[in-house]
Amino acid sequence: MSLGLFEIGPEAIRLYGAGWMAQQREESVLNKRLRGSDLTAVADVRASLRDLLRSWSWGGPEQTDVAELLISELVTNALVHTDNGAEVTATLVRGRLAKAADRLRVEVRDSVARRPMVRKPDGEATGGRGLMLVQMLADAWGVRPQATGKVVWFELDGGPA
């Protein structure tokens, strides 16, 4: 069973009850298509995310800064390593249970099937730290293959609902 963002199995339903699924609400608000090699789009995506997080009252300033940094890294990777551009989606899953957090999920889709690799660059390198930052700062992240290309995503908790 799927909640759109999360795969739910019988164990989750047993632990939380079938009503748990009704306690989550997705709000997909940011959806942008970016042209290939248009690195000026990175600042635009970052500003759009900042505005949306403010309108959602999601997280605090530090969480917003982390979200902006991580979306910048994923968008930059997609635009630098592909020719056909990318599509960016930011989704907020609002937790309605007393202890449920609002969770931000950002997905960046591109047309290249090759999976990105986390690298550990030497101290003099000017690049190559993007996925390492995502791995260190995101609450969850991953890569999902598509029929054409892939989706690289991350999730951040925004605190209590």
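Residue 75 in this note's numbering sits at position 75 of the sequence shown, and the numbers go up by one each step.
Built from N, CA and C at the ideal position, the CB exists for glycine as well.
If you look at E73, you'll find it in the alpha helix (DSSP H) that goes P61 to H81. By the beta-carbon neighbour count (other beta carbons within 10 angstroms, threshold 16), N31 is exposed. G59 and L39 have their C-alpha atoms spaced approximately 27 Å apart. Judged by their CB atoms, L70 and V134 are nearer to each other than the 9 Å cut-off. Cβ neighbours of F154 within its own chain (closer than 6 Å, five residues either side excluded): L70, V106, V134, A138 and W141. Under the DSSP assignment, R144 falls in the beta strand (DSSP E) whose first and last residues are A140 to P145. Boundaries of the beta strand (DSSP E) around A86: A86 to G95. Annotation: the continuous alpha helix (DSSP H) that includes A43 extends over T40 to W56.
DSSP links E107 through a beta bridge to T89 and W153. By the beta-carbon neighbour count (other beta carbons within 10 angstroms, threshold 16), D51 is exposed. Taking a contact as a CB-CB distance under 8 Å, the pair A86 and L34 counts as one, their CB atoms being some 5 Å apart.
For M132, the enclosing alpha helix (DSSP H) has its first and last residue at G130 to L137. Distance from R115 to Q146 at the Cβ level is roughly 12 Å; contact not present, criterion being Cβ atoms closer than 8 Å.
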